[in-house]
Structure formats: C-alpha cells, structure tokens
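With our numbering applied, the sequence shown covers -14 to 92.
Ideal Cβ positions, reconstructed from N, Cα and C, are used throughout, including at glycine.
Scroll down for the structure; my scribbles are underneath it.
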Amino acid sequence: MEMILTTTSLIEGHPILEYKGIVTGETIVGANVFKDIFAGIRDFFGGRSGSYERVLRKAKDTSVAEMMERARELGANAIVGIDLDYETIGSGNSMLMVTASGTAVVI
C-alpha cells in the first residue's frame, strides 16, 4: 500500500481516522564521507558540490524510508507534519545527523 507523506497537518480530501503516534528516522554520515567529498572537490561548479548534495540527498532519503517503515509497523498509511532536521554532531562536528519526523496516521 502506498504511504502518503506531507509536511502539512492535514491531507485535503482524506480525513484522519486514527493517530498512531510520532515516527522518526535518523541517519548519521561520518567524517570519512566528508573527507571523500572534499577530496573530490573538483565536482565543485557554480557554487555547488554535486558530491556533497548526493550524500545529503541519500541521508535524507534513508531517514524518510526509516520513518515510513516505522509508520507501517504501527499500521499507518500516511505521515503528516513531516519535518527534516540537519545537525552536526560528534567531536569537532565531524558527523552530520539527518532526522525525519512526523505523525503516523490512518486515513
């Protein structure tokens, strides 16, 4: 079954029948990834780094997929109020944590 995802608190045309709870997904990208990215800085063009953006996109996608799996485990078919957070952590801010969170619901 398809999982509906939205950053809004409601899904137009689909009343929320049941709230299942808060769900999250987290991904941590380590320092080695950043070293690899900066070693390949030749990708850098027009103020953007394709390598860095790919790593961030993959971390976001992994976090969202983990959040969706947790929602499915609760019997939900949608997640509302989704928020994505990016935070540096670890000694010397050597790691990046990407967190996806939202409310699992049945519509």
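Give me the Cα-Cα distance between residue i and residue j, rounded to the nearest whole angstrom.
i: proline 0; j: asparagine 62; result: 12 angstroms
i: glycine 15; j: arginine 39; result: 15 angstroms
i: glutamate 11; j: glutamate 51; result: 7 angstroms
i: alanine 24; j: valine 49; result: Caution is warranted here: a pLDDT of 49 is assigned to alanine 24, below 50, making its placement in the model unreliable, and the coordinate value is therefore given only provisionally. Using only the alpha carbons, I get a separation of about 28 angstroms.
i: isoleucine 64; j: glycine 77; result: 34 angstroms
i: isoleucine 7; j: isoleucine 74; result: 23 angstroms
i: isoleucine -4; j: arginine 55; result: 20 angstroms
i: glutamate -13; j: tyrosine 37; result: 30 angstroms
i: valine 91; j: tyrosine 71; result: 28 angstroms
i: threonine -9; j: aspartate 68; result: 9 angstroms
i: glycine -2; j: isoleucine -11; result: 13 angstroms
Return the bridge partner residues of residue i from the DSSP annotation.
i: glutamate 11; result: Thr84
i: isoleucine -4; result: His(-1)
i: isoleucine 92; result: Partner(s): none; isoleucine 92 has no beta bridge.
Spatial neighbours of residue i within its chain, please: C-beta separation below 6 angstroms, excluding the five flanking residues on both sides.
i: glycine 66; result: Ser(-6), Gly87, Thr88
Which same chain residues end up closer than 8 angstroms to residue i when comparing Cβ atoms and leaving out the 5 residues on each side of it in sequence?
i: leucine 59; result: Lys5, Gly6, Val8, Ala89
- prompt: Is the number of C-beta pairs between the segment 79 to 86 and the segment 40 to 55 that are closer than 8 angstroms three or more?
  reply: Three or more Cβ pairs closer than 8 angstroms define a contact, and the segment 79 to 86 meets that threshold against the segment 40 to 55.
- request: Could I get the ranges of all uninterrupted alpha helix (DSSP H) runs contained in the segment 27 to 81, with 4 residues as the minimum, in chain order?
  value: Whole alpha helix (DSSP H) segments, 4+ residues: 35 to 58.
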